[in-house]
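Number of protein chains: 2
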Amino acid sequence: MKEKPLILITNDDGITAPGIRSLIKIMNTIGEVVVVAPDSPQSGMGHAITINSTLYCHKIKNVEGPQMEYSCSGTPADCVKLAVNELLDRKPDLCVSGINHGSNSSINVIYSGTMSAAVEAGIEGIPAIGFSLLDFQWDADFNAIETFVKKITLEALEQGIPKNVVLNVNFPKLAQQDIKGIKICRQAKANWVEEFDKRTNPLGREYYWLTGTFINQDKGEDTDEWALENGYVSVVPVQFDLTAHHSIQQLNTWNL
Amino acid sequence: MKEKPLILITNDDGITAPGIRSLIKIMNTIGEVVVVAPDSPQSGMGHAITINSTLYCHKIKNVEGPQMEYSCSGTPADCVKLAVNELLDRKPDLCVSGINHGSNSSINVIYSGTMSAAVEAGIEGIPAIGFSLLDFQWDADFNAIETFVKKITLEALEQGIPKNVVLNVNFPKLAQQDIKGIKICRQAKANWVEEFDKRTNPLGREYYWLTGTFINQDKGEDTDEWALENGYVSVVPVQFDLTAHHSIQQLNTWNL
Numbered sequence: 100m101k102e103k104p105l106i107l108i109t110n111d112d113g114i115t116a117p118g119i120r121s122l123i124k125i126m127n128t129i130g131e132v133v134v135v136a137p138d139s140p141q142s143g144m145g146h147a148i149t150i151n152s153t154l155y156c157h158k159i160k161n162v163e164g165p166q167m168e169y170s171c172s173g174t175p176a177d178c179v180k181l182a183v184n185e186l187l188d189r190k191p192d193l194c195v196s197g198i199n200h201g202s203n204s205s206i207n208v209i210y211s212g213t214m215s216a217a218v219e220a221g222i223e224g225i226p227a228i229g230f231s232l233l234d235f236q237w238d239a240d241f242n243a244i245e246t247f248v249k250k251i252t253l254e255a256l257e258q259g260i261p262k263n264v265v266l267n268v269n270f271p272k273l274a275q276q277d278i279k280g281i282k283i284c285r286q287a288k289a290n291w292v293e294e295f296d297k298r299t300n301p302l303g304r305e306y307y308w309l310t311g312t313f314i315n316q317d318k319g320e321d322t323d324e325w326a327l328e329n330g331y332v333s334v335v336p337v338q339f340d341l342t343a344h345h346s347i348q349q350l351n352t353w354n355l
Numbered sequence: 100m101k102e103k104p105l106i107l108i109t110n111d112d113g114i115t116a117p118g119i120r121s122l123i124k125i126m127n128t129i130g131e132v133v134v135v136a137p138d139s140p141q142s143g144m145g146h147a148i149t150i151n152s153t154l155y156c157h158k159i160k161n162v163e164g165p166q167m168e169y170s171c172s173g174t175p176a177d178c179v180k181l182a183v184n185e186l187l188d189r190k191p192d193l194c195v196s197g198i199n200h201g202s203n204s205s206i207n208v209i210y211s212g213t214m215s216a217a218v219e220a221g222i223e224g225i226p227a228i229g230f231s232l233l234d235f236q237w238d239a240d241f242n243a244i245e246t247f248v249k250k251i252t253l254e255a256l257e258q259g260i261p262k263n264v265v266l267n268v269n270f271p272k273l274a275q276q277d278i279k280g281i282k283i284c285r286q287a288k289a290n291w292v293e294e295f296d297k298r299t300n301p302l303g304r305e306y307y308w309l310t311g312t313f314i315n316q317d318k319g320e321d322t323d324e325w326a327l328e329n330g331y332v333s334v335v336p337v338q339f340d341l342t343a344h345h346s347i348q349q350l351n352t353w354n355l
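In structure tokens:
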């Protein structure tokens with residue numbers, strides 16, 4: 100790549116989150132940065148888009164650093180659509196999303212606003228990476244993973260991310276010197292077992308809070324869960340062709 | 100299956116939509132039906148779940164038919180989680196979602212609330228099918244496709260849907276006698292090219308409406324788009340392991 104790469108940055112924790120500020124700082128050392136991120140937290144939004152409502156988007160001035168920033172009322176996927184089709188003069192060379200406050204490993208990729216932004220960029224033909232740290236605290240230590248974020252980003256720009264694939268990168272909550280390395284993984288076969296906390300509101304009406312326990316019954320040592328539990332950064336290639344090609348033959352035996 | 104199958108029904112157009120009323124009517128001829136559906140339209144919600152807010156859910160009385168019905172404030176995926184983990188006494192034998200007013204073929208599967216409900220059921224180990232009609236009108240003619248919905252559902256119960264796979268079924272907008280049959284397909288490689296309609300609100304502030312054009316550059320005759328354009332019902336097996344297994348080898352050559 101001859102000229103400085105144009106890097107679109109978004110997230111799902113909102114434009115003021117420490118995770119995206121950390122990502123902006125790193126990306127400013129690599130390319131020309133434009134930030135288009137939600138004006139409020141959008142965790143758990145999956146691949147939601149705003150089709151029956153309006154979107155607001157305004158330019159933020161007086162920020163630290165050279166980057167342009169836009170704060171948007173929509174979902175992470177909306178932010179990418181707005182950036183690519185309305186706000187940017189040219190197609191970004193890379194879209195990075197995060198750094199998420201909390202894990203997006205295993206099945207969490209499907210609920211993740213962070214990853215939906217990366218996937219949306221992928222659908223639009225833009226190389227994309229989602230970054231997440233296994234620490235959902237607002238004051239999580241993103242400094243510990245900066246060198247890994249930069250290394251993965253530079254290698255992605257150098258090698259090119261495979262077509263129709265985006266990267267889901269998760270970091271263990273460890274000090275920099277305790278991270279053992281980076282592993283290419285598959286998504287662990289795990290899921291949430293939900294419990295609903297039933298309460299009564301001040302007006303006497305019952306309501307629920309969703310809670311749950313993450314259950315990993317996948318014993319493979321090639322999974323993202325294994326890597327993270329053993330001190331490695333996990334990189335999972337994620338696809339958006341959801342066809343279960345391997346089951347087409349079986350379904351063709353059905354009497355339809 | 101010896102006893103009557105327990106069938107969970109949900110959708111993303113909301114519990115009052117004609118599409119779900121049609122699905123309830125059909126499923127009442129097959130099994131014991133419980134409806135847990137959103138109290139308002141949730142189109143385009145993708146796999147969103149409600150993690151930072153409360154959920155309300157109330158039983159609806161005096162409905163036509165023998166089925167129990169619950170109206171919920173959350174997303175389609177929330178409805179399935181609530182049904183399985185809080186409302187139902189036993190695990191459903193099948194979850195059906197829809198019938199959606201409008202297409203969920205090709206890349207639309209990823210934005211679809213209808214399909215996210217089916218996928219959520221699949222993640223929880225419940226056989227699941229999403230049904231969509233290529234007619235987004237409220238008064239769409241669901242009668243024309245009833246026999247096909249019933250046929251596919253009975254065959255799914257008889258044969259068993261492959262593990263870790265859910266079915267995405269789309270129907271062309273045709274009279275019953277003009278539908279040529281049912282085809283097992285792969286998801287077409289197509290996408291939306293967005294345009295944002297920029298307007299000014301009464302207070303002088305600019306806002307956007309998301310609009311777009313669906314572009315299918317996939318010429319394959321084994322795709323859902325081809326089937327639907329040629330008068331067939333499309334059935335795509337959908338997976339929720341998003342790992343792009345085929346690109347792991349390539350990524351392992353990176354210098355990380």
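Line by line, the protein sequences give chains A and B. All you need for this note's numbering is the position in the first sequence, starting with 1, plus 99. All you need for this note's numbering is the position in the second sequence, starting with 1, plus 99. From the three backbone atoms N, C-alpha and C, an ideal C-beta is built for every residue, glycine too.
By how many angstroms is the C-alpha of VAL265 of chain A removed from the C-alpha of THR109 of chain A? CA-CA distance, THR109 of chain A to VAL265 of chain A, rounds to 15 Å.
How far does the alpha helix (DSSP H) with GLN141 of chain A in it reach, from first residue to last? Careful: GLN141 of chain A lies outside any alpha helix (DSSP H) and carries neither H nor E.
Rounded separation between PRO165 of chain B and ILE251 of chain A - CA only: Spanning the alpha carbons of PRO165 of chain B and ILE251 of chain A requires a straight line of approximately 57 Å.
For ASN329 of chain B and THR342 of chain A, the rounded distance between their alpha carbons: Looking at the two C-alpha atoms, the distance is approximately 20 Å.
Mind pulling the beta strand (DSSP E) runs of 3 or more residues that sit fully within the stretch 180-247 of chain B? Runs of the beta strand (DSSP E) lying entirely within the stretch 180-247 of chain B, each at least 3 residues long, are 193-200 and 227-232 in chain order.
Pop quiz: ILE198 of chain A and PRO226 of chain A are said to be a contact at Cβ under 8 Å. What is the actual Cβ separation, rounded to whole angstroms? About 18 Å separates the Cβ atoms of ILE198 of chain A and PRO226 of chain A, ruling out a contact at the 8 Å cut-off.
Could you work out which residue in A:LEU302, A:GLU294 and A:ILE206 is closest to ASN269 of chain A when comparing CA atoms only? Considering only A:LEU302, A:GLU294 and A:ILE206, the residue with the shortest C-alpha distance to ASN269 of chain A is A:ILE206.
Evaluate ARG75 of chain A with the Cβ neighbour count: other Cβ atoms within 10 Å of its Cβ, from every protein chain shown; 16 or more gives buried, anything less gives exposed. What is shown of chain A runs 100 to 355, which leaves residue 75 of chain A out entirely.
Counting only beta-carbon separations shorter than 9 Å, does ILE148 of chain B have a partner in chain A? So yes, ILE148 of chain B belongs to the interface.
Compare the C-beta of LEU181 of chain B against all C-beta atoms of chain A and say whether one is closer than 9 Å. Yes, contact with chain A.
Would you mind telling me which residues of chain B sit closer than 8 Å to ALA343 of chain A, beta carbon to beta carbon, in chain order? When 8 Å is used as the limit between beta carbons, ALA343 of chain A is near these residues of chain B: PRO261, ASN263, VAL264, PRO336, VAL337 and GLN338, in chain order.
Quick check on LYS190 of chain A: buried or exposed, where buried means 16 or more other Cβ atoms within 10 Å of its Cβ? Exposed is the call here.
What are the partner residues of VAL307 of chain A, as DSSP defines its beta bridges? The question names Val, but residue 307 of chain A in the sequence shown is Tyr. Per DSSP, A:LYS297 and B:LEU154.
Per the DSSP calculation, ASN290 of chain A is bridged to which residue(s)? Note: ASN290 of chain A sits in a beta bridge opposite A:ILE314.
Spatial neighbours of VAL183 of chain B in its chain, beta-carbon cut-off 8 Å, leaving aside the 5 residues before and after: Its chain contains LEU107, LYS190, PRO191, ALA220, GLU223 and ILE225 as the residues whose beta carbon lies nearer than 8 Å to that of VAL183 of chain B, once the 5 sequence neighbours on both sides are disregarded; these appear in chain order.
When the Cα atoms are used, what is the spatial distance from THR149 of chain B to TRP325 of chain A? Roughly 28 Å separates the two Cα atoms.
Using the beta-carbon of each residue, which ones in chain B are nearer than 9 Å to ILE108 of chain A? Per Cβ cutoff of 9 Å: no residues; ILE108 of chain A is ~19 Å from chain B at best.
With a threshold of 9 Å between beta-carbons, can LEU302 of chain A be considered close to chain B, or not? No, LEU302 of chain A lies away from the interface with chain B (no Cβ there is under 9 Å from its Cβ).
Taking the C-alpha atoms as reference points, what is the distance between ASN354 of chain B and PRO104 of chain A? Their Cα atoms are separated by approximately 20 Å.
Ends of the beta strand (DSSP E) at GLU168 of chain A? Per DSSP, the continuous beta strand (DSSP E) segment holding GLU168 of chain A begins and ends at 167-171.
Ordered along the chain, which non-local residues of its own chain (more than five positions away) have a Cβ less than 8 Å from that of ALA255 of chain B? Here the set comprises LEU193, PRO226, ILE228 and LEU266.
Could you pull the DSSP bridge partners for ARG120 of chain B from this structure? Under DSSP, ARG120 of chain B shares a beta bridge with no residue.
Please classify ALA274 of chain B: is it buried, with 16 or more other beta-carbons within 10 angstroms of its beta-carbon, or exposed? Exposed.
Got a sec: is the Cβ-Cβ distance from GLY280 of chain A to anything in chain B below 9 Å? Yes, because at least one Cβ of chain B sits closer than 9 Å to the Cβ of GLY280 of chain A.
Per DSSP, which one or two residues make a beta bridge with GLU324 of chain B? Paired residues: none, contrary to the question.
Sequence-distant residues of its chain with Cβ nearer than 7 Å to SER139 of chain A (five each side left out): Contacts found: GLY113.
Give the straight-line distance between the Cα atoms of ILE123 of chain B and LEU302 of chain B, rounded to the nearest whole angstrom. Near 45 Å, if we compare the C-alpha coordinates of LEU302 of chain B and ILE123 of chain B.
Among the residues of its own chain, which have a CB less than 6 Å from the CB of ASP234 of chain A, if the five just before and after it don't count? Scanning its chain for C-beta atoms nearer than 6 Å, with the 5 sequence neighbours on each side dropped, one finds around ASP234 of chain A the residues LYS272, in chain order.
State whether the stretch 169-188 of chain B contacts the stretch 151-158 of chain B, with contact taken as three or more CB pairs (one from each stretch) at a distance under 8 Å. With a cut-off of 8 Å, the stretch 151-158 of chain B and the stretch 169-188 of chain B count as touching, because enough Cβ pairs lie within range.
Counting contacts by CB-CB distance shorter than 9 Å, is TRP237 of chain A in contact with chain B? Closer than 9 Å: no.
Using a Cβ-Cβ cutoff of 9 Å, what residues of the stretch 287-302 of chain B are near chain A? List them in chain order. Listed in sequence order: LYS288, ASN290, TRP291, VAL292, GLU293, GLU294, PHE295, LYS297, ARG298 and ASN300.
Which residue's Cα is closest to the Cα of VAL218 of chain A: A:THR352, A:ASP340 and A:THR299? Per the Cα distances, A:ASP340.
Can the beta-carbon of VAL135 of chain A be found less than 9 Å from the beta-carbon of LEU186 of chain A? A Cβ-Cβ contact shorter than 9 Å links VAL135 of chain A with LEU186 of chain A.
Are any of the Cβ atoms in chain A nearer than 9 Å to that of ARG189 of chain B? Answer no: the Cβ-Cβ gap between ARG189 of chain B and chain A never drops below 9 Å.
What would DSSP say about THR352 of chain A, mapped onto helix, strand or coil? It is coil, neither helix nor strand.
Who are the near neighbours of ALA289 of chain A in its chain, counting only those whose CB is closer than 8 Å to its CB and skipping five residues on each side? Residues of the same chain with a CB within less than 8 Å of the CB of ALA289 of chain A, apart from the 5 flanking positions on each side, are SER205, ILE206, PHE313, ILE314, ASN315, GLN316, ASP317 and GLU324 in chain order.
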